[in-house]
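Student: Heads up: the sequence lines are chains Y and C, in that order.
Note that the UniProt record's numbering numbers the first sequence so that position 50 is 50, with each residue one more than the last.
Note that the UniProt record's numbering numbers the second sequence so that position 234 is 234, with each residue one more than the last.
Ideal placement from N, C-alpha and C gives every residue a C-beta, glycine not left out.
Okay, handing you the structure first.
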Amino acid sequence: MADFDFNVIWSSLPFLWQGLQLSLWLTFLSIIGGIVLGTLLALARLSGILPLSLIAATYVNLIRSVPLILVIFWFYFLVPLVLGRPIGSFYSALIAFVLFEAAYYSEIMRAGIQSVKRGQIHAGQSTGLNYWQIQRYVVLPQAFRNMIPILVTQGIILFQDTSLVFVVSLRDFMTASSIVARTEGRLVEMYLFAAVVYFVICFSGSMLVRSLKSRMST
Amino acid sequence: MNYNWNWAVLFEEQYLSWLISGFGWTVSVALSAWCIALVIGALVGVGKTVPNRVIRAVSATYVEIFRNVPLLVQMFIWYFAVPELLPDDWGRWMKRDMPNPEFVTAVIALALYTASRIAEQVRAGIETVPPGLTSAATAHGLSVSQTYRYVLLPISFRMIVPPLTSEFLTVFKNSSLALTIGLLELTAQSQQIAEYTFQGFEAFTAATVIYVCIALVATGLMQLLEKYTRIPGYVGTEG
Numbered sequence: 001m002a003d004f005d006f007n008v009i010w011s012s013l014p015f016l017w018q019g020l021q022l023s024l025w026l027t028f029l030s031i032i033g034g035i036v037l038g039t040l041l042a043l044a045r046l047s048g049i050l051p052l053s054l055i056a057a058t059y060v061n062l063i064r065s066v067p068l069i070l071v072i073f074w075f076y077f078l079v080p081l082v083l084g085r086p087i088g089s090f091y092s093a094l095i096a097f098v099l100f101e102a103a104y105y106s107e108i109m110r111a112g113i114q115s116v117k118r119g120q121i122h123a124g125q126s127t128g129l130n131y132w133q134i135q136r137y138v139v140l141p142q143a144f145r146n147m148i149p150i151l152v153t154q155g156i157i158l159f160q161d162t163s164l165v166f167v168v169s170l171r172d173f174m175t176a177s178s179i180v181a182r183t184e185g186r187l188v189e190m191y192l193f194a195a196v197v198y199f200v201i202c203f204s205g206s207m208l209v210r211s212l213k214s215r216m217s218t
Numbered sequence: 001m002n003y004n005w006n007w008a009v010l011f012e013e014q015y016l017s018w019l020i021s022g023f024g025w026t027v028s029v030a031l032s033a034w035c036i037a038l039v040i041g042a043l044v045g046v047g048k049t050v051p052n053r054v055i056r057a058v059s060a061t062y063v064e065i066f067r068n069v070p071l072l073v074q075m076f077i078w079y080f081a082v083p084e085l086l087p088d089d090w091g092r093w094m095k096r097d098m099p100n101p102e103f104v105t106a107v108i109a110l111a112l113y114t115a116s117r118i119a120e121q122v123r124a125g126i127e128t129v130p131p132g133l134t135s136a137a138t139a140h141g142l143s144v145s146q147t148y149r150y151v152l153l154p155i156s157f158r159m160i161v162p163p164l165t166s167e168f169l170t171v172f173k174n175s176s177l178a179l180t181i182g183l184l185e186l187t188a189q190s191q192q193i194a195e196y197t198f199q200g201f202e203a204f205t206a207a208t209v210i211y212v213c214i215a216l217v218a219t220g221l222m223q224l225l226e227k228y229t230r231i232p233g234y235v236g237t238e239g
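So, in structure tokens, the structure goes:
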């Protein structure tokens with residue numbers, strides 16, 4: 001068994017912290033973008049307008065059947081091609097994550113919207129609200145509330161997913177750990193440390209979900 | 001957008017065989033990991049519901065650890081860290097003599113990760129069996145293991161087939177992470193074709209189409225299984 005050298009973690013903390021900040025920032029932006037786009041997709045799917053719901057359903061099912069790594073590769077290749085100029089790895093990754101996670105968030109929001117009782121919509125209609133007002137003031141607030149625990153759970157999964165930007169060498173926490181691991185030749189310490197950090201963050205997140213759930217059920 | 005289309009590149013000798021071999025690795029990793037994950041997942045899932053507190057705690061710890069660390073980190077730990085942590089002889093064997101090290105490592109990592117997710121489904125399945133059935137079994141004088149064997153498991157395994165469908169799809173998608181430790185599965189091969197030929201659009205489209213086909217076939221198979229295992233007249237299995 002190799003003798004451990006945990007000093008390497010201490011001395012590279014600033015570098016790792018920068019990586020972790022990038023991971024958290026990417027997670028945050030992707031959650032916001034994913035929920036917004038996902039909600040629009042869910043509304044399109046439940047709109048009752050056939051072409052619209054068909055397009056939304058096709059998009060969601062297509063994205064949900066391919067791996068995230070492939071989607072990241074797709075956008076690394078496509079975004080500069082479409083825009084005609086490179087926009088940097090962070091924004092390519094961000095676009096890939098928003099478009100990928102939107103498909104998953106849309107399924108959650110769809111279930112949330114369907115959990116709102118019909119009577120609520122009828123009540124909205126009879127008070128003279130139009131479609132957008134009903135969604136904005138009646139359906140979505142309740143759908144969102146009902147789904148908060150699952151939305152947070154998906155956020156935790158998204159945070160774990162951001163480690164995959166490793167495949168395009170964007171310097172998130174995972175890539176930073178692996179750079180230190182290689183340059184210092186301390187693979188065991190660094191990967192175990194990365195595992196501990198991810199575990200602490202994700203486990204705290206799932207504790208939060210648990211307390212949200214029990215608070216909502218009372 | 002300035003792009004030279006060349007779909008024929010996908011059917012050129014070398015690249016076509018890259019795609020086929022990538023497809024082969026993706027399916028082998030996913031199916032091998034799935035079989036192992038089903039066994040471990042079922043054991044751990046049952047472990048989370050048994051009366052024995054020690055077994056419950058061990059199972060819960062397993063699930064929390066494997067679920068809360070990204071699969072990529074787990075892959076790296078199995079590949080880079082575990083051989084160093086094992087006794088010298090075993091570590092040397094893993095690094096030098098183990099056949100197909102990337103494949104074996106990817107399967108182990110993916111299987112143990114997927115098992116933690118299956119365990120949660122199994123636990124949920126067992127918990128949805130009405131408590132009256134367990135009481136009835138106890139009243140009949142069945143032991144704990146008999147209750148599981150004859151009452152809880154036959155019902156709950158049939159009830160968790162629908163949620164397992166999405167896990168089954170996920171295992172194929174997650175097998176793409178094997179590329180990070182150097183296994184040339186489908187995603188890696190398409191990326192490699194894109195790099196060699198500069199025909200990224202065609203290469204990634206090919207991979208996407210193959211993944212969609214895998215998803216369609218997998219969903220179809222699971223729906224057949226669902227039909228076959230549905231419990232007639234049971235709550236939540238209408239139609």
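1. For the segment 89-103 of chain Y and the segment 156-173 of chain Y, state whether three or more C-beta atom pairs, one from each stretch, are separated by less than 8 angstroms.
2. Would Leu72(C) count as contacting chain Y if we go by Cβ distances under 9 angstroms?
3. Roughly how many angstroms separate the alpha carbons of Ser163(Y) and Ser177(Y), rounded to a whole number?
4. Taking Cβ-Cβ distances below 9 angstroms as the criterion, which residues of the segment 58-70 of chain C are in contact with chain Y?
5. At a CB-CB cut-off below 7 angstroms, which residues of chain Y make contact with Gln191(C)?
6. Taking Cβ positions only, does Thr105(C) come closer than 9 angstroms to chain Y?
7. Can you tell me the Cβ-Cβ gap for Leu140(Y) and Thr39(Y), rounded? I've got them flagged as a contact below 8 angstroms.
8. Could you please give the first and the last residue of the uninterrupted alpha helix (DSSP H) stretch that includes Ser214(Y)?
9. Please name the residue, chosen from Trp5(C), Asn4(C), Pro101(C) and Trp25(C), that lies closest to Tyr211(C) on a Cα-to-Cα basis.
10. Buried or exposed: which applies to Cys202(Y), given that a residue is buried once 16 or more other Cβ atoms fall within 10 Å of its Cβ?
11. Going by Cα to Cα distance, which pick from Asn4(C), Cys35(C), Trp78(C) and Ile160(C) is closest to Ile231(C)?
12. State yes or no: is the C-beta of Leu43(Y) within less than 9 angstroms of the C-beta of Ile150(Y)?
13. Mind checking the segment 74-85 of chain C against chain Y and listing, in chain order, the residues whose C-beta falls within less than 8 angstroms of any C-beta there?
14. Do Phe73(Y) and Gln189(C) have their C-beta atoms closer together than 9 angstroms?
15. So Ala194(C) and Phe193(Y) are supposed to be a Cβ contact under 8 angstroms. How far apart are they, rounded?
16. At a Cβ cut of 9 angstroms, what residues of the segment 154-185 of chain Y count as close to chain C, listed as they run along the chain?
17. Going along the chain, which residues of the segment 197-212 of chain C sit with their C-beta nearer than 8 angstroms to a C-beta in chain Y?
18. When you compare the CB of Val139(Y) with every CB in chain C, is at least one pair closer than 9 angstroms?
19. Taking Cβ-Cβ distances below 7 angstroms as the criterion, which residues of the segment 184-211 of chain Y are in contact with chain C?
20. Report whether the distance from the Cβ of Met207(Y) to the nearest heavy atom of the ligand ADP is below 8 angstroms.
21. With H, G and I counted as helix, E and B as strand and the rest as coil, what does DSSP make of Gly24(C)?
22. Three Cβ pairs or more, each shorter than 8 angstroms: is that satisfied between the segment 215-225 of chain C and the segment 156-175 of chain C?
23. Under the rule that 16 or more other beta-carbon atoms within 10 Å means buried, what is Asp172(Y), buried or exposed?
24. Under the rule that 16 or more other beta-carbon atoms within 10 Å means buried, what is Tyr62(C), buried or exposed?
25. Given that Ala215(C) touches chain Y, what residues does it touch there, using C-beta distances under 7 angstroms?
26. Which residue marks the beginning of the alpha helix (DSSP H) containing Pro70(C), and which one marks its end?
27. If you follow the alpha helix (DSSP H) that Asn100(C) is in, where does it begin and where does it stop?
28. By the criterion of Cβ-Cβ separation under 9 angstroms, what are the contact partners of Leu179(C) in chain Y?
29. Using 9 angstroms as the threshold, is the C-beta distance between Arg45(Y) and Val66(Y) below it?
30. Roughly how many whole angstroms lie between the Cα atoms of Leu16(Y) and Thr183(Y)?
31. Can you pull out the residues from the segment 21-52 of chain Y whose beta carbon lies closer than 7 angstroms to at least one beta carbon of chain C?
32. Which stretch, first to last residue, makes up the alpha helix (DSSP H) that contains His122(Y)?
33. Alpha helix (DSSP H) containing Ser190(C): first to last residue?
34. Using the three-state DSSP reduction, which class does Trp78(C) fall into: helix, strand or coil?
35. Counting only C-beta atoms, is Leu78(Y) closer than 9 angstroms to chain C at any point?
Tutor: So, to answer that:
1. yes
2. yes
3. A straight line joining the alpha-carbon of Ser163(Y) with that of Ser177(Y) spans about 11 angstroms.
4. Glu64, Ile65, Arg67, Asn68, Val69 and Pro70
5. Phe73
6. no
7. Indeed they touch by this definition, with Cβ atoms about 7 angstroms apart.
8. Leu187 to Ser217
9. Trp25(C)
10. It counts as buried.
11. Ile160(C)
12. no
13. Gln74, Phe76, Ile77, Phe80, Ala81, Glu84 and Leu85
14. no
15. Not really, about 33 angstroms apart at Cβ, beyond 8 angstroms.
16. Ile156, Phe159, Gln160, Asp161, Thr162, Ser163, Leu164, Phe166, Val167, Met174, Ser177, Ser178 and Ala181
17. Gly200, Phe201, Phe204, Ala207, Thr208, Tyr211 and Val212
18. no
19. So the list reads Leu187, Val188, Tyr191, Leu192, Ala194, Ala195, Tyr198, Phe199, Cys202, Phe203 and Ser206, given in the order they occur along the chain.
20. The model on display carries no ligand, and the ligand ADP is accordingly not part of it.
21. Three-state DSSP puts Gly24(C) in a helix.
22. yes
23. buried
24. buried
25. Ser65
26. Unbroken run through Pro70(C): none, as it is neither H nor E.
27. No alpha helix (DSSP H) contains Asn100(C), which DSSP labels as neither H nor E.
28. Ile69 and Val167
29. no
30. 14 angstroms
31. The residues in question: there are none.
32. Arg118 to Ser126
33. Leu186 to Thr197
34. helix
35. yes
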